[in-house]
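One gets my numbering by counting positions in the sequence shown from 1 and adding 59 to each.
Beta carbons: idealized from backbone N, C-alpha and C, even for Gly.
Just so we're clear, the structure is a prediction, and the values are computed from it rather than from any experiment.
Please read the structure below before turning to the comments.
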Amino acid sequence: MHDNGLRVEETVDTVRRYRSGEAAKLVDMPAATLRIWEQRYGVVSPPTSASGQRLYSDVDVHRLKTIKALVNRGHAISSIAHLDGDQLRQLASGDSDRALTTAPMRDTNLFIVGFGESATLEMPKGVNAVRLDTVQDIPSPGGNESAANCLVIRVEALHEDVVLSIVTAAQRLVCDDVLVVYSFGTTRAAELARLEGINLKRAPNALLHANDLLAEYLQTWRRSDSSNEDQERIWRRTPRRFDNDTLTSVVSRSTTIACECPKHLAELVLQIAAFERYSDECESRSPADALLHRHLGDAANKAVAMFEAALAAVAEHEGWPIPATTPGDR
């Protein structure tokens, strides 16, 4: 028994582990992108050392390489992050795409920008293709509000100011999904784009393969949409549930709960909502600054929604009337 235990211990100790920087190099991606994939999508969950360093195994590295290859082919990271190894291998082989061709697709407005006359793909039923020349041509949403809005943009060079213009357009359109196909770009611009939830695909010869790119994108979108029917639109902020007057009254209201949680919740909502406005109005020195401030505002908005939901639960417990939503009072 002693010998067997020793052999197991030696096997565990000799498993090779990589720190985050080493793993990122092996996968050929920026360490910042690896952190985003872990924190936002949970692509891998490596153990940590006593000092808090993440330690990746060869299995983790292989998984990351597979996911990165699929993302580079146009698959949305959000739709493949939680697939197991067999599902990833099936997807990489292309087997699952054939099954998806018969899957239902809800009505979708597909805005195709920058492909010119090279995009001649016949769209499947339910997909309304709108071909545009530039990002600035993208309209505000209208018509069928239940339809999804998807955006596929081709740019030659991906710089920070280009990412900012795309994010602004996606926000105006209230997009469900965005894919940017680019020829060349900076690492910083790519990191900012991914931070904003944009899917990226580097394809220098995109104009020669426009129809293949669009067909693959539609398969990816079909998969993502069918598995996340109630997903939030990435660029839509949640309206305030309680106005400031209601929150102020909650702070001073007596409660049967033997603590001050309702008061603290109301104070948190007021403070975080104020920070959301501050982030939106904060002066930006560069496109990167503007994108970061927008990300901070989005994060604050999500936090406000979570704390307002908690406050609503307290209000129901206390028997307080819940006010109507006030979408204009940010």
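In the structure shown, Val-233 falls within a coil segment according to DSSP collapsed to helix, strand and coil. Burial of Lys-260 is indicated by the presence of at least 16 other C-beta atoms within 10 angstroms of its C-beta.
Lys-260 is bridged by DSSP to Val-240.
Classified as exposed, Gly-144 has fewer than 16 neighbouring CB atoms from the shown chains inside 10 Å of its CB. DSSP assignment within the segment 66 to 151 yields the following whole alpha helix (DSSP H) runs of 4 residues or more, N-terminal first: 79 to 86, 90 to 95, 117 to 131 and 136 to 139. The continuous stretches of alpha helix (DSSP H) do not include Cys-341, and DSSP gives it neither H nor E. In the DSSP assignment, Thr-167 falls within the unbroken beta strand (DSSP E) covering 167 to 172.
Annotated three-state conformation of Ile-225 is helix, per DSSP.
Under the DSSP definition of a beta bridge, Cys-209 partners with Leu-169 and Asp-236. For Leu-327, DSSP assigns no beta-bridge partner whatsoever. Of the candidates Arg-132, Ser-110, Val-74 and Phe-174, Phe-174 places its Cα closest to the Cα of Leu-267.
Nearest in C-alpha terms to Gly-201, of all of Thr-193, Arg-99, Cys-234 and Pro-183, is Cys-234. Glu-335 sits in a helix when the DSSP states are folded into three classes. Between the segment 181 to 201 and the segment 248 to 258, the count of Cβ pairs shorter than 8 angstroms is below three; the stretches do not touch. Under the three-state reduction of DSSP, Glu-181 is assigned to coil, being neither helix nor strand. Under the three-state reduction of DSSP, Arg-190 is assigned to strand.
Around the CB of Ala-216, fewer than 16 other CB atoms lie within 10 Å, so the residue is classed as exposed. For Asp-304, the enclosing alpha helix (DSSP H) covers residues 303 to 311. Separation of His-141 and Val-102 (C-alpha to C-alpha, rounded to the nearest whole angstrom) is 6 angstroms. Cβ contact annotation for Ala-265 (same chain, cutoff 7 angstroms, sequence separation greater than five): Arg-213, Val-240 and Leu-272, in chain order.
The secondary-structure analysis by DSSP pairs Val-214 across a beta bridge with Tyr-241.
Within the same chain, no residue comes within 7 angstroms of His-376 by CB-CB distance, once the 5 residues on both sides are set aside. Remark: three or more beta-carbon pairs, one from each stretch, lie closer than 8 angstroms, so the segment 321 to 336 and the segment 361 to 372 are flagged as touching. Taking every protein chain shown into account, the CB of His-134 has 16 or more other CB atoms within 10 angstroms, so this residue is buried.
Going by DSSP, Glu-250 is part of the alpha helix (DSSP H) stretching over 246 to 254. Rounded to the nearest angstrom, the gap between the Cα atoms of Ser-152 and Glu-326 is 52 angstroms.
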